[in-house]
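Have a look at the structure below before the remarks.
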Amino acid sequence: MIDGNCGASLIDQQWVLTAAHCVKVEGLKLDGIVRVGSDHRKSGGTVRKIDRTFVHPGYLNGDNKAANKNDIALIRLDRPVAQRPIKIAEQAGPPGTPTRLLGFGTTVDTEFKFPDRLQELNTRRGAESECAPGYADRTRLCTITTVPKAMACFGDSGGPQIQKGRNGRWELIGVTSGPGAPNVPCSQGPGLYTSAPAYAGWIDKTMKNNSAKGSDLAETGTNDNAPAIVGVAATLIAAGGGTALAIRHRKTRHAA
């Protein structure tokens with residue numbers, strides 16, 4: 001068994017949004033849990049089992065030679081949680097817009113050194129030209145760090161990129177997908193994020209068509225009372241409330 005983790009964003013009390021490459025691995029079966037509402041990777045918060053996963057039908061892994069395409073997936077939890085979801089932004093801000101990344105990914109380029117406490121990094125929307133040719137487009141956001149030698153890395157996949165909306169509250173714009181250029185160490189950036197607003201239609205349709213019987217699930221992005229932050233560090237949780245998520249999973253071989 002291989003123990004691993006990815007990030008995700010709570011967009012409904014029974015649904016989380018993550019990257020397709022976190023849940024679709026050829027020849028392996030996902031079997032795991034989602035931890036919601038804790039800034040610790042292995043403790044606290046609310047734990048739910050993964051009930052079912054929904055990978056975008058157009059997903060294509062770039063195999064580290066090109067950008068992942070349609071790298072987005074939904075996970076339905078076995079039961080709702082009490083934490084409130086984050087709103088998906090109507091659209092991502094233009095290049096230069098301040099954003100923030102959150103996750104439990106490795107803090108060392110060449111090692112799997114995962115922190116226990118949730119990490120955050122201030123970034124900005126980059127222009128398509130700041131990522132390698134063919135990487136960024138309408139559905140894939142080029143992201144540039146504002147902190148030298150820092151960027152999302154292994155274990156941050158599927159986690160959120162957020163921006164502040166007009167009301168000053170954090171909104172979800174991106175899902176951690178991978179590097180924004182080939183053969184570049186994490187710390188050298190740029191990063192590439194699947195645009196959540198670009199897939200709002202697929203997200204809404206998938207949730208509506210696959211809601212568990214008897215549950216009362218809200219539409220994605222319609223909860224205007226969502227907390228300011230999803231998956232934030234402890235200091236921000238204390239200041240304003242929020243929801244942190246981590247997907248823990250075992251990869252087991254398919255039965256013959």
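Residue numbers (UniProt numbering): 1 to 256. We put the beta carbon where it would ideally sit given N, CA and C, even for glycine. Note that the structure is predicted; figures quoted are calculated from it, not measured.
query, result
"Going by DSSP, name the residue or residues bridged to PRO148.", "DSSP lists no partner for PRO148."
"How would you write the range of the beta strand (DSSP E) that GLY178 sits in, first residue to last?", "170-179"
"Which residues mark the beginning and the end of the alpha helix (DSSP H) in which LYS205 is found?", "200-209"
"Which residues in the same chain as THR106 place their Cβ atom closer than 7 Å to its Cβ, once the five residues preceding and following it in sequence are excluded?", "PHE112, LYS113, PHE114, CYS153, PHE154, GLY155"
"Count the other CB atoms within 10 Å of the CB of ASN183; is the residue buried (16 or more) or exposed (fewer)?", "exposed"
"With VAL23 as the anchor, note down where its alpha helix (DSSP H) starts and where it stops.", "20-23"
"Of the choices HIS21, ALA66, ASP116, LEU74, whose alpha-carbon is the least far from that of ALA132?", "ALA66"
"Taking the C-alpha atoms as reference points, what is the distance between GLY58 and ILE88?", "21 Å"
"Among all the DSSP beta bridges, which residues are the ones paired with ASP137?", "ARG140"
"Roughly how many angstroms lie between the CA atoms of LEU101 and LEU17, to the nearest whole one?", "15 Å"
"Using only the alpha-carbon positions, how far apart do ALA19 and TYR193 sit?", "9 Å"
"Look at ILE173 and ALA82 and say whether their C-beta atoms are less than 8 Å apart.", "no"
"Of the residues LEU74, ASN210, TYR199, which one's Cα is nearest the Cα of ALA8?", "LEU74"
"Starting from PRO98 and walking both ways along the beta strand (DSSP E), at which residues does that stretch end?", "98-103"
"Does the distance from the CB of ASP116 to the CB of LYS164 come in under 8 Å?", "no"
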